[in-house]
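A.B. asks:
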Amino acid sequence: MNASGASLLPQAPAPVDDRQAALTAEHIGDPVALTRYFEGLRRAVDPGLLARLPEFAGKPYPLGRCREIRDAVLALLLERVNAPREPMDAALSVFLRSGGIGKKTWGVLRDSYFQNALQFGGWYVDVANDTVVASKPPVEVLPAGEAGMVAVRDYRHFADVARRYWGAEVYRNAVFPRLAAYFPLIVVYPTGAAEPAVGSDQVTELTRRAGFRPSLDALETFPDAPATVAEALARRAGDEPLLAGDGDPVAFVEGYVTEGRQGDLEFRRQCVAAWRKVSAPTAPS
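For the sequence shown, the working numbering begins at 45 and goes up steadily by one.
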């Protein structure tokens, strides 16, 4: 799909310029029809997801499954627009081929919680609107400018929402100092699961573009994790060099800045690969 704006962070909402507004109005301008269309896609994917993902952290489907639902609906939509079966399939197909934005989005919604959604031109499309409060309608379609979704600004912004939304505790990552350039936090979820954070392409790219300054700020702002948390995480490290526990995280990050590692995409890949080895298998999306 099309994702306008090379300078945008990954999955950040895209601004709606005059061209996108015109394409939206021409091809997919009816929010009621669009809502009904996405409700149909959601009904189509729900049975398979329910069978595969019946609960999350003790909560029944669809609670906590916004990413999985969003991705399943998008996969079905891509099948449909490539072989249209109904008018909205065809309308979206023409819209996208004409240069309309169609993309995944992730960020902070209404300063309250993290949400995975979709953007089609001037529309914000949430196909997992019932994954925080199950009584809400499953699909919400709003003008993108009115939806209230923004990209994560920095680690303090992330931590504020993580505490309110997930009930998480947030600490600095002194457990894996070599990983702290891209993962300067340790998040402990109410279930007791813990992991370095933030496991988001959007936030790691924000950090890289800012020359690791957001990570240095986080390391100076947040306290160390409790010893029990640190010890449990360290036991999962294995023999991965980037997960060695000795040294000071601030010194490592400052050294990476001096070496220009923020421009080293292979270093970023290695950090993400190491993070996956110690990430929490049941972390919320």
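Heads up, the beta-carbon is just placed ideally off N, CA and C, and yes, glycines get one too.
Could you tell me which whole alpha helix (DSSP H) segments of length 4 or greater appear in the stretch 136-198?
C.D. replies: The qualifying runs are 188-191.
A.B. asks: Hey, how far is the Cα of R280 from the Cα of G102?
C.D. replies: Taking the straight line from one Cα to the other gives about 24 angstroms.
A.B. asks: What is the DSSP secondary structure of P120, counted as helix, strand or coil?
C.D. replies: Note on identity: in this sequence residue 120 is Leu, with Pro being the wrong assignment. In the structure shown, L120 sits in a helix (DSSP, three-state: H, G or I).
A.B. asks: Of all the options I230, T235, G165, F296, which has the alpha carbon lying nearest to the alpha carbon of V185?
C.D. replies: The option with the nearest alpha carbon to V185 is G165.
A.B. asks: Starting from the Cα of A212, find the closest Cα among F256, P131, F158 and give me that residue.
C.D. replies: The shortest C-alpha separation from A212 is found at F158.
A.B. asks: Restricting to Cα atoms, I'd like to know which of L260, R257, Y105 is closest to D174.
C.D. replies: The shortest C-alpha separation from D174 is found at Y105.
A.B. asks: CB S259 to CB A225, shorter than 8 angstroms?
C.D. replies: Taking 8 angstroms as the Cβ cut-off, S259 and A225 qualify as a contacting pair.
A.B. asks: Starting from the C-beta of D170, find all residues in its chain whose C-beta is less than 6 angstroms away, skip the five residues before and the five after it, and write them out in chain order.
C.D. replies: If we look at D170 and ignore the five residues flanking it on each side, its Cβ neighbours are A161, E184.
A.B. asks: Below 8 angstroms between beta carbons: does that hold for V316 and A269?
C.D. replies: No. Outside cutoff.
A.B. asks: Between which residues of its own chain and R124 is the CB-CB distance below 6 angstroms, once the five residues before and five after are set aside?
C.D. replies: If we look at R124 and ignore the five residues flanking it on each side, its Cβ neighbours are D133.
A.B. asks: Please list, in chain order, all residues of the same chain as G192 whose beta carbon is under 8 angstroms from its beta carbon, the five residues on each side excluded.
C.D. replies: Same-chain partners within the cutoff: L153, R154, D155.
A.B. asks: Between which residues of its own chain and T235 is the CB-CB distance below 7 angstroms, once the five residues before and five after are set aside?
C.D. replies: Correct list, in chain order: A101, T326.
A.B. asks: For Q163 versus V196, is the C-beta spacing smaller than 8 angstroms?
C.D. replies: Their beta carbons are not under 8 angstroms apart, which means Q163 does not touch V196 by this criterion.
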